[in-house]
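Report on one structure; see the data block that follows.
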Amino acid sequence: MITPQNRTTREMKINNVVLVTQALKSLGSATKAEVAAQTGLSIATCGAVLNELRLTREVLALELEESRGGRPAQRYAYNPDYFSVLSLYAQGSDAAAQIIWSVNSATGASLAQGEVRFLPLSLETFYQQIAGLLADYPNIKALGIGLPGVVVKGRVATCDISAFAGVDIEQQLREKFGIYVQADNDMNYTAYGFYRSSCAGETAPVAYIFKPDVPCLGCGMVINGQVLQGASQFAGEVSNLPYKDLDKLPVAEEMAKVIVSLSAIINPATIALSGPKISDALIPELTERCQEHIPAQHMPALIYRPSMRQDYLQGITELTLNNYNLHIAFGN
Numbered sequence: 001m002i003t004p005q006n007r008t009t010r011e012m013k014i015n016n017v018v019l020v021t022q023a024l025k026s027l028g029s030a031t032k033a034e035v036a037a038q039t040g041l042s043i044a045t046c047g048a049v050l051n052e053l054r055l056t057r058e059v060l061a062l063e064l065e066e067s068r069g070g071r072p073a074q075r076y077a078y079n080p081d082y083f084s085v086l087s088l089y090a091q092g093s094d095a096a097a098q099i100i101w102s103v104n105s106a107t108g109a110s111l112a113q114g115e116v117r118f119l120p121l122s123l124e125t126f127y128q129q130i131a132g133l134l135a136d137y138p139n140i141k142a143l144g145i146g147l148p149g150v151v152v153k154g155r156v157a158t159c160d161i162s163a164f165a166g167v168d169i170e171q172q173l174r175e176k177f178g179i180y181v182q183a184d185n186d187m188n189y190t191a192y193g194f195y196r197s198s199c200a201g202e203t204a205p206v207a208y209i210f211k212p213d214v215p216c217l218g219c220g221m222v223i224n225g226q227v228l229q230g231a232s233q234f235a236g237e238v239s240n241l242p243y244k245d246l247d248k249l250p251v252a253e254e255m256a257k258v259i260v261s262l263s264a265i266i267n268p269a270t271i272a273l274s275g276p277k278i279s280d281a282l283i284p285e286l287t288e289r290c291q292e293h294i295p296a297q298h299m300p301a302l303i304y305r306p307s308m309r310q311d312y313l314q315g316i317t318e319l320t321l322n323n324y325n326l327h328i329a330f331g332n
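Numbering (full-length UniProt numbering) for the sequence shown: 1 to 332.
Pasting the structure below:
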C-alpha cells in the first residue's frame, strides 16, 4: 500500500536536505558517517539525501576514503559551482555615492570584487550595473542588496540616496532579472558579517556602530546568531535615542551615550565601532566614559574596525546564501 506523502513528511525531508547541505558546507567534505555525526540523522537517511543531491549536481562525489580494512567510504562535497551569489551595496548620499560588489561561489568563496562610482544617481544606473555583472557572471542565481536606509519587507522606506526612497527594490529586481533577490539595510548586513568573521558561535549579543561624516549614527545587532530586526525593522536606529542634540556632541560623548544605552538594553558582549570619525586611539576614552555608567562585569569589549567593507560584503553574502539555500529547498 502506498502511503500519501503529507505536509509533515515533506517538510521533514526538506529539513534533512537543509541539514545535509549545511553540514557539507561546514565540513568542506565528508563521508556519510561524518555527515550523520554532524547532523544527528541516520547514516541511511544521509545516504539517501546525498544520492538525490548528486543527481542534480548540487553535491559532488569525491575520492574514496583510504581503506582501513573494510569497504572504502565515499567522500562528498557541496558543489561550489552549483550557483553564484552577487553581493552588492550602494554607499554614500545624494552628494556622492559608490557601488561596491562581490561575486561568491555557492560555498562562499570569493570569485571577484569591485567598485564603481554611482553616477548618475538613478535607479537606471543601479540596474545597469547589476545587468552588466549578471552578463559577466551568468552563473549568478541570487542577489543580495544593501542600502544606507530603512528597508521593510523589500521596500525602501528611507534612504540616504534619495533615488531608492519608496522603491520596492526586491520586487523590481526579481521582475527585471528573474533571480532570487533580498534587500536589507547596511548595518544589519555589516553587524552579521562582523559577527561571522569575529564572533562566530557567540550566543551573547553583538553590536556594530557606524559613525559616518553626516550626522546619523547607524547600528546593527546580532543576538544568538540572528540579526535583530525588530517588529517593524526599526531596531538599531540609535539616532532616535532621546538625547538632546546627540549629533552635535563631541564624537566620544555621542558614542559613549549610545554604547551605554545598548549595554543597558541588550547587554552586548562585544561592540564594533567604525567610521571616518572613529579611530583606535578613541577606544580608551570611550571605555573610560562608559565605565562611569557601566559596572566592569557588564562592560562590552570595544573593537575598532578601520573599514566596514569586508564585514558588509561578508554579511550580504552569508545571509543571501543562507536564505537562497532555504529558497531552493522549500521552493518558495
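Note that CB positions come from ideal geometry on N, CA and C, so glycine has one too.
Note that this is a predicted model, so its numbers are computed, not measured.
Top-ranked residue by Cα proximity to Gly193, from Thr287, Ile316, Val18 and Thr8 = Your numbering for residue 193 matches position 193 in the sequence shown. Closest option to Gly193, Cα to Cα, is Ile316.
inquiry  = Between which two residues does the alpha helix (DSSP H) holding Cys290 run?
reply    = Mapped onto the sequence shown, residue 290 falls at position 290. Segment Ile283 to Gln291, the alpha helix (DSSP H) holding Cys290.
task = Kindly indicate which residue of Leu133, Asn139, Cys159 and Ser93 has the alpha-carbon position closest to the one of Phe118.
result = Against the sequence shown, residue 118 aligns to sequence position 118. The shortest Cα separation from Phe118 among Leu133, Asn139, Cys159 and Ser93 belongs to Ser93.
ask   = Secondary structure at Thr21, three-state DSSP: helix, strand or coil?
value = Your numbering for residue 21 matches position 21 in the sequence shown. If DSSP states are grouped into helix, strand and coil, Thr21 belongs with the helices.
key: The alpha helix (DSSP H) enclosing Lys32, as first and last residue numbers   = Residue 32 sits at position 32 when you count from the first residue of the sequence shown. Note, Lys32: alpha helix (DSSP H), Lys32 to Thr39.
task = With a threshold of 16 other CB atoms inside 10 Å of the CB of Pro148, please say whether the residue is buried or exposed.
result = Translated into the one-based positions of the sequence shown, residue 148 becomes position 148. With 16 or more other Cβ atoms within 10 Å, it is buried.
inquiry  = Between Leu286, Leu319 and Gln314, which has its C-alpha nearest Ile303's C-alpha?
reply    = Counted from its first residue, the sequence shown places residue 303 at position 303. If we check each option's Cα against that of Ile303, Leu286 comes out closest.
inquiry  = In the DSSP output, what is Asp168 paired with across the bridge?
reply    = Mapped onto the sequence shown, residue 168 falls at position 168. Answer by DSSP bridge pairing, in chain order: Arg155.
inquiry  = Relative to the C-alpha of Thr125, which candidate in Ser110, Ile161 and Asn139 has its C-alpha closest?
reply    = Mapped onto the sequence shown, residue 125 falls at position 125. Nearest option by C-alpha distance: Ile161.
ask   = In three-state DSSP terms, what is Ile161?
value = Translated into the one-based positions of the sequence shown, residue 161 becomes position 161. If DSSP states are grouped into helix, strand and coil, Ile161 belongs with coil.
Cβ-based burial, Thr8 [other Cβ within 10 Å; buried from 16] = Numbered from its first residue, the sequence shown carries residue 8 at position 8. Its Cβ having fewer than 16 others within 10 Å, Thr8 is exposed.
query = Hey, how far is the Cα of Leu123 from the Cα of Phe164?
reply = Start at 1 with the first residue of the sequence shown, and residue 123 comes out as number 123. Start at 1 with the first residue of the sequence shown, and residue 164 comes out as number 164. Their Cα atoms are separated by approximately 7 Å.
task = Just grab the DSSP bridge partners of Gly114 for me.
result = Position 114 of the sequence shown holds residue 114. Residue pairing by DSSP puts Gly114 in a beta bridge opposite Trp101.
query = Closest to Pro242 by CA distance: which of Asn15, Ala183, Lys141 and Lys257 is it?
reply = One-based indexing of the sequence shown puts residue 242 at position 242. Among Asn15, Ala183, Lys141 and Lys257, the Cα nearest to that of Pro242 belongs to Lys257.
query = Which stretch, first to last residue, makes up the alpha helix (DSSP H) that contains Phe234?
reply = Your numbering for residue 234 matches position 234 in the sequence shown. It is not in any alpha helix (DSSP H) - Phe234 carries neither H nor E in the DSSP assignment.
request  = For Thr31, I'd like the list of residues in its chain whose CB is within less than 7 Å of its CB, leaving aside the five on either flank, ordered along the chain.
outcome  = As a first step, residue 31 must be located in the sequence shown, where it is residue number 31. Glu65, Ala73, Gln74 and Arg75, listed in sequence order.
key: Beta-bridge pairing of Val206 - partner residues as DSSP gives them   = Translated into the one-based positions of the sequence shown, residue 206 becomes position 206. Per DSSP, Val222 and Thr270.
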